[in-house]
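Okay, structure first, notes after.
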Amino acid sequence: MKHGIRVGIVGGGWAGMATAVTLAEAGVAVTMYEAGKVLGGRARRVDTDTGTVDNGLHILLGAYSETLRLIDRFGAGPASYRRLPLTLEIGNRFRLRCPPWPAPLHLLAGLASARGLSWHDRLNAALFMAKMRRARYRTRTPCSVATLLEQASQTAVNREFLWHPLCVAALNTPAAEADAQVFLNVLRDGLDGPAGASDLVLPRVDLSALFPEPAARHVIARGGTIHTGRTALRIDAGAEGLRIVDTDDSAAFDAVVCAVDAPRLEPLVSGLPALRPAIEMVRALRFAPIASVYLQYPPQVRLPFPMLGLTDGPGQWVFDRGALCHQPGLLGAVTSSATDVDRTSPLALAEAIHTQLGSLLGPLPRFGWHRLITEKRATFVCAPGLRRPASRTPVAGLLLAGDYVESDYPATLEAAVRSGLACARSILESH
Ligand SMILES: Cc1cc2nc3c(=O)[nH]c(=O)nc-3n(C[C@H](O)[C@H](O)[C@H](O)COP(=O)(O)OP(=O)(O)OC[C@H]3O[C@@H](n4cnc5c(N)ncnc54)[C@H](O)[C@@H]3O)c2cc1C
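The sequence shown begins at 4 in our numbering and counts up by one.
Dropping the structure here:
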């Protein structure tokens with residue numbers, strides 16, 4: 004047990020909560036400052052006058068081993084998500100269903116039975132995976148996903164229905180701009196990992212209830228403090244150690260984990276010259292939005308599968324919140340990398356998605372209410388050769404956590420959680 008160390012954490016997203024719960028489990032009483040009223044950051048519940056939704060519809064993969072471990076142990080547990088063998092159904096044009104077999108058999112079987120692919124496409128995709136496997140999923144030089152696919156002579160159909168949707172779903176970056184190496188890391192762990200790694204994992208409860216809120220209860224039960232609705236103004240490092248200064252108070256800590264979203268790092272640490280290089284790297288990041296549109300239909304409206312791909316319109320994926328979260332008739336559509344959503348009114352976007360759904364499912368009754376939530380800086384654009392700051396900083400005791408911190412992964416829950424765990428481990432090892 005590590006009683007007596009004082010650790011302050013700024014940011015109650017998935018990275019900050021992963022740090023907090025791990026330290027609490029080891030006997031450290033942490034103090035967390037979260038600016039929002041609801042824990043979870045960019046993966047959180049939003050309460051509206053018509054009901055509860057999430058700020059963004061999230062998918063996890065079976066390969067997100069650390070996130071799933073934390074949900075199972077400190078979060079809402081295995082019953083709080085649905086695990087399905089990898090299935091990609093895009094409109095009526097493409098369907099890939101992989102049986103729950105070990106890699107690479109699951110993908111080979113999925114390709115063999117796929118709808119919308121010719122035998123040439125199937126062989127072409129299987130050879131691509133075999134080639135990447137031989138190359139140990141390493142690119143020779145930094146390049147975009149589009150270039151990688153071109154060099155590997157991937158067919159237009161494979162690009163359109165297989166690799167591009169996977170790229171946008173995982174990296175929230177179009178293939179022409181996305182880092183091939185990070186994409187290959189996801190393929191390695193997702194499509195070529197141990198059995199179950201490629202599973203789609205879909206939450207059955209809201210995102211705050213899935214992990215951040217139960218984790219916070221665990222932290223409090225072990226003597227920690229979680230302040231919500233409390234914004235940290237700055238982190239000071241002086242002769243007497245580290246201090247977090249917030250709107251109400253200032254408190255001293257032996258270690259501080261700064262687990263805020265990248266755009267909000269600079270104001271917190273601008274008084275620390277040693278953090279300049281990290282700030283410069285963050286300044287160079289570009290961000291991409293994600294829009295989520297919820298449409299409430301009569302309760303009998305359902306999807307044939309809980310998550311389907313859409314074609315010919317703004318919506319890319321649609322989720323059945325009735326089948327997943329006991330919200331009958333509620334469909335949620337997501338538009339990743341949604342750069343022109345800003346110029347469309349919420350109703351026009353809802354109508355466009357209604358039309359897309361109608362062409363997939365047949366005539367639909369009119370939706371009742373709709374709700375658009377746009378996260379303007381949902382994730383960083385995962386471009387080739389991107390430099391991301393390290394978790395350790397030159398300031399003794401100050402660590403950075405978050406999905407933007409150096410990692411194999413794009414901006415995902417798993418990247419956030421792993422960075423939070425790395426901070427907790429580093430603190431426990433050094434005290
Ligand atoms: C719409 C959307 C859809 C997504 N879909 C997926 C998906 O399907 N799968 C997936 O894996 N990932 C997805 N992501 C990405 C994933 O949500 C993020 O990578 C992850 O939540 C980042 O967690 P984090 O803890 O690093 O940062 P954040 O969640 O941003 O947490 C940072 C926290 O710090 C707080 N904060 C900031 N400044 C201060 C301050 N000064 N004082 C106190 N608190 C402060 C913020 O309020 C916030 O709660 C999606 C993201 C969005 C927005």
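Don't be surprised by glycine CBs; every beta carbon is placed ideally from N, CA and C. No experiment lies behind these values; they were computed from the predicted model shown.
6 angstroms CB neighbourhood of residue i in its chain, flanking five on each side removed
i    : result
L306 : D323
V296 : A336, L352, A353, I356 and L375
L91  : L99
8 angstroms CB neighbourhood of residue i in its chain, flanking five on each side removed
i    : result
V185 : L174, C385, D411, Y412 and P413
F256 : R9, V10, G11, T34, G244, L245, R246, I247 and G400
L360 : L298, L313, G318, V321, L334, A336 and L367
P302 : G325, P331 and G332
L327 : R85, L205, P206, R207 and P309
T358 : G316
E409 : R391, P392, A393 and S394
Nearest-angstrom Cβ-Cβ length linking residue i and residue j, presumed shorter than 8 angstroms
i    : j    : result
G196 : A46  : G196 to A46, Cβ: 22 angstroms. No contact.
G16  : A265 : 11 angstroms between Cβ atoms; not a contact.
L99  : G113 : 5 angstroms
E69  : L424 : 6 angstroms
S147 : A172 : Their Cβ separation, rounded to whole angstroms, is 17 angstroms, which puts S147 and A172 out of contact at 8 angstroms.
S362 : I293 : Actually they do not touch by this definition, with Cβ atoms about 23 angstroms apart.
G59  : E269 : Not confirmed; about 24 angstroms, so no contact.
A23  : V222 : 5 angstroms
D239 : G274 : 6 angstroms
Residue i beta carbon near ligand 1 (any heavy atom closer than 8 angstroms)
i    : result
I293 : yes
S2   : Outside the shown range of the chain (4 to 434) lies residue 2, about which nothing can therefore be said.
V337 : yes
T234 : yes
T176 : no
D406 : yes
Y67  : yes
V260 : no
P168 : no
N188 : no
G196 : no
I62  : yes
L424 : no
G193 : no
R136 : no
P270 : yes
E409 : no
R267 : yes
V263 : yes
A393 : no
Selection from the options that minimises the alpha carbon distance to residue i
i    : options                   : result
T55  : G193, H167, S211 and P103 : S211
E180 : K40, A277, P145 and G39   : P145
T142 : N188, E378 and P103       : N188
G7   : L364, G226 and S201       : G226
A254 : R267, E269, P270 and R237 : R237
G14  : D249, G371 and T53        : D249
P168 : R380, V285 and F97        : F97
M20  : V204, H434 and S422       : S422
V204 : T150, D252, R233 and P309 : P309
L402 : R220, P270 and V260       : V260
A178 : G199, L151 and T158       : L151
E417 : R72, L271 and L389        : R72
D57  : T176, D209 and R162       : D209
V31  : R233, A224 and P107       : A224
Straight-line gap, residue i to residue j (C-alpha atoms, nearest Å)
i    : j    : result
N95  : I62  : 21 angstroms
R395 : E283 : 16 angstroms
F290 : Y407 : 11 angstroms
A155 : F164 : 16 angstroms
L190 : S201 : 9 angstroms
E153 : N127 : 12 angstroms
L278 : G119 : 51 angstroms
R436 : A404 : Look at the range of the chain in this structure, 4 to 434, and you will see that residue 436 is not part of it.
Y84  : G193 : 18 angstroms
E432 : D252 : 29 angstroms
I454 : R48  : Nothing can be reported for residue 454, as the shown portion of the chain is limited to 4 through 434.
W122 : W104 : 22 angstroms
W372 : R139 : 49 angstroms
T347 : G44  : 25 angstroms
H434 : R220 : 25 angstroms
G388 : R267 : 23 angstroms
L350 : R369 : 13 angstroms
A218 : G78  : 6 angstroms
V420 : P102 : 28 angstroms
P88  : P397 : 44 angstroms
Cutoff 7 angstroms; reference residue i; Cβ partners in own chain excluding five residues on either side
i    : result
E216 : L42
R125 : L114, A115 and A117
T25  : L424 and A427
Any C-beta of chain C under 9 angstroms from that of residue i
i    : result
D406 : You won't find chain C in this structure, because it holds only one protein chain.
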